[in-house]
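Going by my numbering, the first residue of the sequence shown is number 59, and it counts up by one from there.
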Amino acid sequence: FWTRRTRHDHMGGAPMWLKRRKRDNRRLMPIRDQKDPARGIFTRRALLCMVVQVGALGELARRLYHIQINDGDHYARMAANNRVSKRLLAPPRGRIVDRYGIALANNKENWRALLMPEETTDVPGTIERFSALIPLDERDRNRIARELRHQRRFVPVMLRDFLSWDEMARIELNAPSLPGVLIDVGTRRVYPEGELLAHIIGYVAPPNESDVAHSTLLALPGMRVGRAGIEQNQDEKLRGTAGSVEMEVNAVGRVISELNREEGVPGEEISLTIDRGLQQRVLNHIGDQTASAVVMDCHNGEVLAMVSTPSFDPSLFDSGVSHAQWIEWTNNQHTPLINKAVAGVYPPGSTFKPAVAMAALESGLISPTDRVFCPGHLDVGGTRFHCWSRWGHGSVDLHLALKYSCDVYFYEIARRIGMDRIAQTAHRMGLGVPLDIELPHTRTGLIPTPAWRQAHHHHWNGGDTIVSGIGQGFIQVTPLQLATYTARMATGRAVQPHLMRAINGEVSPMANPENWPSLNMPEKYLDALRAGMFAVVNEPHGTAPKAQLDLPGITMAGKTGSAQVRHVSRALREGGHFNSANLPWEYRPHALFICFAPYDAPRYAVSVVIEHGNTGADAAAPLARDIMRDTLLRDPSNHTTPPPESVAAVDDSFE
Numbered sequence: 059f060w061t062r063r064t065r066h067d068h069m070g071g072a073p074m075w076l077k078r079r080k081r082d083n084r085r086l087m088p089i090r091d092q093k094d095p096a097r098g099i100f101t102r103r104a105l106l107c108m109v110v111q112v113g114a115l116g117e118l119a120r121r122l123y124h125i126q127i128n129d130g131d132h133y134a135r136m137a138a139n140n141r142v143s144k145r146l147l148a149p150p151r152g153r154i155v156d157r158y159g160i161a162l163a164n165n166k167e168n169w170r171a172l173l174m175p176e177e178t179t180d181v182p183g184t185i186e187r188f189s190a191l192i193p194l195d196e197r198d199r200n201r202i203a204r205e206l207r208h209q210r211r212f213v214p215v216m217l218r219d220f221l222s223w224d225e226m227a228r229i230e231l232n233a234p235s236l237p238g239v240l241i242d243v244g245t246r247r248v249y250p251e252g253e254l255l256a257h258i259i260g261y262v263a264p265p266n267e268s269d270v271a272h273s274t275l276l277a278l279p280g281m282r283v284g285r286a287g288i289e290q291n292q293d294e295k296l297r298g299t300a301g302s303v304e305m306e307v308n309a310v311g312r313v314i315s316e317l318n319r320e321e322g323v324p325g326e327e328i329s330l331t332i333d334r335g336l337q338q339r340v341l342n343h344i345g346d347q348t349a350s351a352v353v354m355d356c357h358n359g360e361v362l363a364m365v366s367t368p369s370f371d372p373s374l375f376d377s378g379v380s381h382a383q384w385i386e387w388t389n390n391q392h393t394p395l396i397n398k399a400v401a402g403v404y405p406p407g408s409t410f411k412p413a414v415a416m417a418a419l420e421s422g423l424i425s426p427t428d429r430v431f432c433p434g435h436l437d438v439g440g441t442r443f444h445c446w447s448r449w450g451h452g453s454v455d456l457h458l459a460l461k462y463s464c465d466v467y468f469y470e471i472a473r474r475i476g477m478d479r480i481a482q483t484a485h486r487m488g489l490g491v492p493l494d495i496e497l498p499h500t501r502t503g504l505i506p507t508p509a510w511r512q513a514h515h516h517h518w519n520g521g522d523t524i525v526s527g528i529g530q531g532f533i534q535v536t537p538l539q540l541a542t543y544t545a546r547m548a549t550g551r552a553v554q555p556h557l558m559r560a561i562n563g564e565v566s567p568m569a570n571p572e573n574w575p576s577l578n579m580p581e582k583y584l585d586a587l588r589a590g591m592f593a594v595v596n597e598p599h600g601t602a603p604k605a606q607l608d609l610p611g612i613t614m615a616g617k618t619g620s621a622q623v624r625h626v627s628r629a630l631r632e633g634g635h636f637n638s639a640n641l642p643w644e645y646r647p648h649a650l651f652i653c654f655a656p657y658d659a660p661r662y663a664v665s666v667v668i669e670h671g672n673t674g675a676d677a678a679a680p681l682a683r684d685i686m687r688d689t690l691l692r693d694p695s696n697h698t699t700p701p702p703e704s705v706a707a708v709d710d711s712f713e
């Protein structure tokens, strides 16, 4: 064996056996005695990895300390917020009441049918079975389909809103065949008086995108926006403050339980100056005529009644007005949607004559005793302007001119003083100017002047001034302005009409009569106008004997007016056979009447406009008389105790 190991390899060098022995001996040596060339490299890599690992673990520890110790409360709140969902609740809308506290706009519980898609395996079948009980139109079906596509299965979908008691009971009775359908209770806006006060109270409707952009509160389910009347004018006060509800939800947002609820703060209660009972009586007197009437307190400007006919049902706007209904309203020539008392403009006719007289008296160009001869017409520059009496009134002064409503007298004084002075006086008396009343869409009317005419690229001529002297031509006023004008003549103060009496029990400062300044018109001239209006009603041959009151010791002063809406030719007038009552309804003159009472201590002013009523003496004067009589008997000065009629159905008499 030894000999065999002594041979050399073919290349020379140490014997093979010697090489093998050296190799075996190295294997048997301790590791620490071996000289591995890679040993230093391995140690440096391990150290580097250890440093990296220690650094990472240190950073992780630092972050954990920061999250758990420093920001622990913050993340705990975030976790709670993920568990608790806080949602806003729509507040109840504020009530609107009359001067005696009778509700004119209120809230009522409303039933609606909801569908929980996750609680039924056959959503289309459930909807069809529901539709067999409560019909769904095409608009409802499209809305339901859209909500089912965009909402999660656990979010309820409204099938029908504004369910009646019978409909709700029908659904509950058939509940076993309607899986996933449930009844929810909300609120809706109700108007107990319906059409009676629709133009004053207005109505509400669902908010649109523009409304929601201005107030996120309006995005809440059930919120409504005022679209007309007091509902629109006082919308922000009536909205209230949103409430909230906290609910426990799971990871996908499904409600598990309700944790806390805070109801919203209702909107403020608005108390109006309107007397609901008097409003009903005025409407009863007007009947089916297309007309408007305003009753106003001369002392403080409170509007006790404001009627515009025909009217509409305001509750239809909350649930949605059908297209057919809207077309019917807009095509109606009697314009039921317009509040004629504040948005209807009419030529004032002869009711404008006291304003022309005051302008002439203040100018000093005439006195109450100056006379003008009336032969039945006035010829100016080749044009003949007729008096309403083709035989004329002879020689008349201011008193007789008002009593007989002589057109020629006012033609002449208008020609003498000019339109600018007439306009200035009319504006001071409340005509053709904005009135600070709490209603939207009011119109200011127009008292034209030469400057106004020139601004519209037309020349003002003498004939324009002459016809303006009797309230015709371009002059336009509202019934509310006529009532204000009458109250200012009766008191000599710049009374402003208003509808707001109190907000949450706090009385409006406008109710104080001392707030209205003097018109600074000479009292003797005001007395002359009042005396002339007294003669219209109470003296023989006055134009309004039908307006006399039958109340002992109480008299009324007033002025008739008939405003043409179509030109009458000279040939027709002088032919002797013309009668405006024979014209089609839309071509007949408007009938107007203004009045105040009691004459010796003016308290109430009334204005009446009957569209195409033909003559103020025959149509408007008796109506104003009945309204004034009811107003005086009702005695609205008692602000604390309502008359018995205010809390029950109103009949046609006080007895």
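Even glycine gets a Cβ: it sits at the ideal position worked out from N, Cα and C.
None of these values were measured; they are calculated from a predicted model.
The beta strand (DSSP E) enclosing residue i, as first and last residue numbers
| i | result |
| --- | --- |
| M354 | 349-355 |
| F410 | Note, F410: premise wrong, no beta strand (DSSP E); not H, not E. |
| R501 | Segment: none, R501 is in no beta strand (DSSP E) and carries neither H nor E. |
| R207 | Careful: R207 lies outside any beta strand (DSSP E), inside the alpha helix (DSSP H) at 196-208. |
| K166 | 161-173 |
| H444 | 441-444 |
| H457 | H457 -> not in any beta strand (DSSP E); alpha helix (DSSP H) instead, spanning 456-462. |
| V400 | Segment 398-401 is the alpha helix (DSSP H) holding V400; no beta strand (DSSP E) there. |
| A649 | 648-655 |
Alpha-carbon to alpha-carbon, residue j and residue i
| i | j | result |
| --- | --- | --- |
| S302 | H124 | 34 Å |
| G600 | I685 | 20 Å |
| Q226 | T331 | According to the sequence provided, residue 226 is Met. The question's Gln does not apply to it. Rounded to the nearest angstrom, the two C-alpha atoms are 38 Å apart. |
| T536 | A401 | 7 Å |
| A707 | R247 | Any reading at A707 is ruled out, since the residue's pLDDT is 38, under 50, leaving its predicted position unreliable. |
| I259 | M354 | 17 Å |
| Y469 | G452 | 14 Å |
| P610 | R473 | 42 Å |
| A589 | C464 | 16 Å |
| R151 | N164 | 8 Å |
| T409 | P324 | 45 Å |
| V594 | A602 | 6 Å |
| R282 | N397 | 22 Å |
| D693 | A513 | 48 Å |
| H457 | E644 | 34 Å |
| E581 | G550 | 8 Å |
| A263 | S425 | 56 Å |
| A677 | D478 | 33 Å |
| I160 | T367 | 22 Å |
Where the alpha helix (DSSP H) containing residue i begins and where it ends
| i | result |
| --- | --- |
| G335 | 334-344 |
| A190 | 181-191 |
| R486 | 477-486 |
| L577 | Per DSSP, L577 belongs to no alpha helix (DSSP H) and is neither H nor E. |
| I288 | 287-291 |
Simplified DSSP state of residue i, which is helix, strand or coil
| i | result |
| --- | --- |
| P265 | coil |
| R247 | strand |
| C432 | strand |
| R40 | Residue 40 lies beyond the range of the chain shown here (59 to 713); nothing can be said about it. |
| D522 | helix |
| M686 | helix |
| V223 | Checking the displayed sequence, the identity of residue 223 turns out to be Trp instead of Val. Residue state, collapsed to three classes: helix. |
| T393 | coil |
| F370 | coil |
| M591 | helix |
| E253 | helix |
Close-in-space but distant-in-sequence residues of the same chain around residue i (CB under 6 Å, 5 per side omitted)
| i | result |
| --- | --- |
| R683 | A605 |
| V466 | C432, L436, C445 |
| G439 | none |
| P175 | V181, R211 |
| R218 | A171, I192 |
7 Å CB neighbourhood of residue i in its chain, flanking five on each side removed
| i | result |
| --- | --- |
| Q337 | L254, L255, A363, V365 |
| T441 | G521 |
| D428 | D455 |
Whole-angstrom C-beta distance between residue j and residue i, which should lie under 8 Å
| i | j | result |
| --- | --- | --- |
| T544 | P555 | About 11 Å separates the two Cβ atoms, so there is no contact after all. |
| E186 | G238 | That pair is no contact at about 13 Å. |
| Q290 | P498 | 5 Å |
| P149 | R297 | 7 Å |
| A621 | Q530 | 7 Å |
Cutoff 8 Å; reference residue i; Cβ partners in own chain excluding five residues on either side
| i | result |
| --- | --- |
| N562 | E326, E327 |
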